[in-house]
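Asker: The structure that follows is given in the form of structure tokens.
Numbering (our numbering), first residue to last: 15 to 437.
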């Protein structure tokens, strides 16, 4: 298809495509040459209708309106003196202008977005005619939403939960939940399901999501909510219903509550119990094995237990899990502190250096208990397994008589000499 010819050059920042099938809101530049004859309705230049888009309404004599023009398509009225047309004929002409390709219009129609409200008439009984701000074709085109071929039906449901109001639609959505390729996609679909079930609680009878997954989703939603939040009340009601209908879930929930209380007891050292982070870690491991969603305070206590044994990477993982449930300042500050004071280190010792507790040590031992615990954990791992991969406090260390430097936010691979993947 050849490029259409236009007169005049467009501004550098304005590219005009006259081949578009939709009528452009900006008219083509008016030609200074004589207008070519219209192939459908030859019109003399002197007879062409002049359109002024600045006028809001037009006054048209009542006695010029006739009923026999209602079925005209308007094409034959283009270019005719508007004084010789009836009201319906003028409107039909306006619609015909909107529907005609630009290159088939008389060149005098240099304002295709204009209206028929700029004509002056002799005094006569008249009515005010509302002009067409947008031609009907443009209105219809803008009202049609073109589907995105890259979107699936399930994705459309996920972004339009109000459309999910039948058991079949819910089943389609829940199939998409099970097929989700990422946690983010699954959560987005579960969000749509949550909204749909709030609007249509009767659909719960036909849900195919298992009770444990349903419970875990509700727990995640409740974290961080205020007690007087209606959403929290709704979630609690759903959880109570799940517990009443599923004996195995009820048993798991009871076990979870006991383990959560045990974690708090050993973490606080209250009621005559000595603080014991190993016991906290043990209770948390049992909690994870239940398959139920831990809550914010569970992750926070578990992060402290990991810190006590020097596993900084596990601390960060548990803090991020807590943050996902409830992004508190306390958790954010703790994560930031680790990022500012620790770096990643990979060390693998040759066989002859293993089982030597003095092969690795800091030049200056830090005073912070958690930093000392991280260094001790690295030494233990090197002694027992001959390797260590994890986070250490920033600083200088001696490894088999040679100095190595750990930078905050960096990544040092000792066995790949000279490699420091600092970020």
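No residue lacks a Cβ here, since even glycine has one placed at the ideal position from N, Cα and C.
Please read these numbers as outputs of a predicted model, since none were measured by experiment.
For the stretch 282-320, which segments carrying the alpha helix (DSSP H) assignment without a break, of at least 4 residues, lie completely within its bounds, in sequence order?
Answerer: 291-303
Asker: Alpha carbon to alpha carbon, how far is residue 419 from residue 411?
Answerer: The straight-line gap from Cα to Cα measures roughly 6 Å.
Asker: So is residue 247 buried or exposed if we call it buried at 16+ other beta carbons inside 10 Å?
Answerer: exposed
Asker: I need the straight-line Cα distance from residue 263 to residue 288, nearest angstrom please.
Answerer: Roughly 32 Å between the two C-alpha positions.
Asker: If you run the structure through DSSP and keep just helix, strand and coil, what is residue 240?
Answerer: In the structure shown, the three-state DSSP call for residue 240 is coil.
Asker: How many Å lie between residue 273 and residue 429 at the Cα?
Answerer: 42 Å
Asker: Give the secondary structure of residue 225 by DSSP, where H, G and I count as helix, E and B as strand, and everything else as coil.
Answerer: helix
Asker: What is the C-beta distance between residue 306 and residue 238, in whole angstroms, given that I count them as a contact (C-beta under 8 Å)?
Answerer: Wrong, their Cβ atoms sit about 18 Å apart, outside the cutoff.
Asker: Tell me, please, whether the stretch 377-385 touches the stretch 332-348 by the rule of three or more beta-carbon pairs shorter than 8 Å.
Answerer: no
Asker: Can you list, in chain order, the residues of its chain with a C-beta nearer than 6 Å to that of residue 230? Leave out the 5 residues immediately preceding and following it.
Answerer: Excluding residues within five positions, the ones whose Cβ falls inside 6 Å are 307.
Asker: Excluding five sequence neighbours on each side, which residues of the same chain lie with their C-beta closer than 8 Å to the C-beta of residue 405?
Answerer: Setting aside the 5 residues that flank it on each side, residue 405 is surrounded in the same chain by 326, 327, 330, 352, 356, 357, 358, 359 and 388, each with a C-beta closer than 8 Å to its C-beta; the list follows chain order.
Asker: Do you know how far the Cα of residue 364 is from the Cα of residue 415?
Answerer: The straight-line gap from Cα to Cα measures roughly 14 Å.
Asker: Can you find the residues in the same chain that come closer than 7 Å, C-beta to C-beta, to residue 324, ignoring five residues on each side of it along the sequence?
Answerer: The answer, listed in chain order, is 387, 388, 390 and 391.
Asker: For residue 427, does the three-state DSSP call read helix, strand or coil?
Answerer: Shown here, residue 427 sits in a strand according to DSSP, grouped into three states.
Asker: If you run the structure through DSSP and keep just helix, strand and coil, what is residue 377?
Answerer: Secondary structure at residue 377: coil, using DSSP grouped into helix, strand and coil.
Asker: Buried or exposed, going by whether 16 or more other CB atoms sit within 10 Å of the CB of residue 245?
Answerer: Classification for residue 245: exposed.
Asker: Can you tell me which residues form a DSSP beta bridge with residue 417?
Answerer: 412, per the DSSP bridge assignment.
Asker: How would you label residue 317, buried or exposed, when you count the other beta carbons within 10 angstroms and need 16 or more for buried?
Answerer: buried
Asker: In three-state terms, what does DSSP make of residue 359?
Answerer: In the three-state scheme derived from DSSP, where H, G and I count as helix and E and B as strand, residue 359 is classed as strand.
Asker: Could you check where the beta strand (DSSP E) with residue 403 kicks off and where it finishes?
Answerer: 401-407
Asker: From 374, 397 and 422, pick the residue whose C-alpha is nearest to that of residue 409; which is it?
Answerer: 422
Asker: Closer than 8 Å by C-beta to residue 185: which residues in its own chain qualify, once you throw out the five before and the five after it? Chain order, please.
Answerer: 220 and 222
Asker: Cα separation between residue 370 and residue 427?
Answerer: In this structure, the alpha-carbon of residue 370 lies about 20 Å from that of residue 427.
Asker: My output table needs one value for residue 383: the three-state DSSP class, helix, strand or coil.
Answerer: helix
Asker: Candidates 235, 368, 253 and 205: which alpha carbon is nearest residue 413's?
Answerer: 368
Asker: So residue 249 packs on residue 267, CB below 8 Å; how close in whole Å?
Answerer: That pair is no contact at about 14 Å.
Asker: Identify, in the order they occur along the chain, each residue of the same chain with its Cβ nearer than 6 Å to the Cβ of residue 168, setting aside the five sequence neighbours on each side.
Answerer: Because the pLDDT at residue 168 is just 47, under 50, the model does not fix this residue reliably, and the value given afterwards should be weighed accordingly. If we look at residue 168 and ignore the five residues flanking it on each side, its Cβ neighbours are 190.
Asker: Closest by CA to residue 401, which one among 424, 417, 385 and 373?
Answerer: Comparing Cα positions, the closest option is 373.
Asker: Look at residue 233 and residue 309 and say whether their C-beta atoms are less than 8 Å apart.
Answerer: yes
Asker: Near residue 354, which residues of its chain fall below 8 Å by C-beta distance, leaving aside the five closest residues on each side in sequence?
Answerer: 422 and 423
Asker: Excluding five sequence neighbours on each side, which residues of the same chain lie with their C-beta closer than 7 Å to the C-beta of residue 256?
Answerer: Cβ within range, chain order: 225, 228, 229 and 263.
Asker: Looking at C-alpha atoms only, which residue of 254, 398 and 216 is the closest neighbour of residue 181?
Answerer: 216
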